[in-house]
Each structure stands twice: as structure tokens, then as C-alpha cells.
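In my numbering, the protein residues as written are 6 to 272. Heads up, the thing below is written out as C-alpha cells.
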Ligand SMILES: Nc1ncnc2c1ncn2[C@@H]1O[C@H](COP(=O)(O)OP(=O)(O)O)[C@@H](O)[C@H]1O
Ligand SMILES: [Mg+2]
């Protein structure tokens with residue numbers, strides 16, 4: 006493991022709004038969001054599909070511009086911060102280079118961010134995400150879930166100071182997902198990275214984060230912020246604890262899920 010000590014940045018999202026297009030055809034994705042990500046903490050973003058979560062993540066990554074407001078990462082713009090290779094982003098679509106092996110995709114991430122080669126760390130991370138033995142495989146030879154895990158390893162290999170994850174476990178099977186949910190935080194907490202995680206799994210949000218931010222339907226606005234406060238590292242046996250169950254139901258309540266009942270007869 007790299008011995009470099011990084012300190013996750015403070016991220017200030019101030020009055021950020023985003024409208025795609027103009028006039029009557031304009032789509033307001035984000036109303037106005039004020040949110041601070043504390044250094045070294047993990048914040049989970051949950052909200053209805055299409056509410057603007059990916060849009061917010063792209064703005065924090067410096068991959069898209071806000072229509073109003075601003076994002077500051079330790080006082081710098083996202084674009085400037087990203088240029089130094091201090092941001093890693095994992096989207097639901099893993100976007101690995103198809104002609105390179107998995108190990109070589111990770112090696113390229115190191116090179117592109119000006120990091121020294123680290124074959125041992127690459128092997129260790131691939132082992133961790135369950136891809137030991139697949140170093141030489143090409144992305145097309147792996148399943149969708151394996152490619153996603155490779156993309157997560159690629160994110161972590163550069164020791165980013167800011168980690169932005171957009172539903173990174175979407176295509177990963179439930180068992181592997183649970184294992185990654187329990188093991189990955191140990192890696193990014195050893196750094197300590199500031200992490201923003203978009204997920205549609207409330208259990209995953211509670212397991213991985215220090216704070217859960219619940220967003221409204223589009224245009225996204227903050228409905229609630231829920232401090233998680235469970236002992237870390239999180240363990241599988243916490244899933245059944247009253248505190249865990251209470252947190253999940255609080256988030257469900259803010260999302261309006263608890264008012265839906267499967268048994269309700271069609272009117
Ligand atoms: N590049 C784009 N151009 C126009 N509309 C977009 C674009 N990207 C996203 N949108 C719209 O903005 C809204 C929010 O999208 P998104 O941020 O992807 O939502 P989420 O990630 O929460 O599902 C949606 O209505 C979507 O159709
Ligand atoms: Mg999205």
C-alpha cells in the first residue's frame with residue numbers, strides 16, 4: 006500500500022443550480038444546493054431517479070458547469086483540482102479501455118495522474134475487489150460486475166484525495182456488493198479521502214457513509230441530512246442492529262417510501 010498521506014479536501018457546494026438548455030425547452034435539474042463535504046468523510050446522495058444526482062456529481066468533478074452558484078475544493082475550482090489528478094470518478098458505466106488489460110488500465114490511471122508505477126498496489130487492489138488472476142484479462146472478457154469492480158480499483162489506485170462514485174455497484178451481484186460495501190471503506194478511510202457517493206441502495210448508504218443527503222424529485226434540493234454516526238469500521242452484524250434499522254427507516258421516510266405499501270389494493 007502506498008505510504009503517501011493524503012488529506013481529503015473540504016468541498017463547499019454553494020447555491021449550485023443547473024438548468025440544461027434554455028427557455029421553454031430548459032430542464033431544471035438542480036434547484037439550489039448548499040452542501041459542505043467535511044474533509045475525510047463519506048457523504049451519500051440518495052434521491053429519486055432523474056432528480057439530478059449525477060448532474061451534481063459531474064459539477065463537483067469539474068466535468069460540467071453549474072448554471073448558478075459555485076463549488077470550491079479546498080479553495081480551488083473543480084477543474085483545477087482535477088488537473089492535478091486528485092479527483093477520481095467512477096460512473097455506473099465503467100469505461101475501461103477495451104484494448105488494454107485490466108492491470109494495464111490501472112497502470113494507465115497512475116501514469117495519467119503523474120503517479121509512479123505501482124505493480125504491487127495494482128495486484129493488491131485487484132485482489133481486494135475479487136479480480137485476482139484477471140490482471141491480464143481484457144475488459145470484454147469480464148462480466149459487467151467484474152468490469153465495475155475493475156473501475157473501482159482503478160479509482161482507488163491513484164490515492165485520490167476526492168473520490169466521486171456514481172452508483173458504482175449497480176451491476177455487481179448482491180453478495181459481492183455486500184463484501185465490497187464492508188471492505189472498501191477500510192481502504193478509503195486509511196487515506197482519508199473525501200468521498201461523495203450516489204447510490205439507490207439505502208442500506209449501502211448507511212453502511213458506507215458518515216452522512217446521508219436526501220434529495221427531492223427534480224429539480225434536486227436537499228430534503229434532509231441524516232448523520233449516520235454508527236461505529237466504524239462498519240460490520241455485517243450492524244445491519245440488524247436497532248440503530249441501523251432506524252437509520253434506514255428515517256431515510257425511507259424522507260424519501261417518502263414508507264408511505265407506499267405493496268399490499269395497498271388498486272383503487
Ligand atoms: N446532458 C443533458 N442534457 C439535457 N438534460 C439532461 C442532461 N443530463 C441530464 N439531464 C436531465 O437532468 C435531469 C437529472 O438527470 P441526472 O442528474 O442524470 O439524474 P439522476 O442521476 O438523479 O438520475 C433528468 O431530467 C435528465 O433527463
Ligand atoms: Mg444518475
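Ideal Cβ placement from N, Cα and C applies to all residues, glycine included. Remember, predicted model here, so these are calculated numbers, not experimental data.
Residue i versus residue j: straight-line alpha-carbon distance, rounded
i           : j           : result
residue 21  : residue 46  : 21 Å
residue 59  : residue 222 : 13 Å
residue 178 : residue 184 : 10 Å
residue 30  : residue 50  : 27 Å
residue 237 : residue 188 : 12 Å
CB contact flag (residue i, residue j, <9 Å)
i           : j           : result
residue 94  : residue 123 : no
residue 202 : residue 244 : no
residue 228 : residue 48  : no
residue 114 : residue 182 : no
residue 145 : residue 100 : no
residue 248 : residue 57  : no
residue 64  : residue 41  : no
Where residue i falls, given that 16 or more other Cβ within 10 Å makes a residue buried
i           : result
residue 14  : buried
residue 8   : For residue 8, the predicted structure reports a pLDDT of 40, less than 50, and the residue's modelled location is therefore unreliable. The matter cannot be settled from this model.
residue 272 : Note on residue 272: pLDDT 46, under 50, position unreliable in the model; the coordinate value appears next. Residue 272 should be labelled exposed.
residue 103 : exposed
residue 259 : buried
residue 251 : exposed
residue 88  : exposed
residue 161 : buried
residue 107 : buried
residue 173 : buried
residue 34  : buried
residue 32  : exposed
Checklist entry - Could you give the uninterrupted runs of the beta strand (DSSP E) lying entirely in the region 55 to 83, keeping only those of 3 residues or more? => result 73 to 78
Next on the checklist: Going residue by residue through the region 90 to 160, where are the continuous beta strand (DSSP E) segments of at least 3 residues, counting only ones entirely within it?
Outcome noted: 92 to 95
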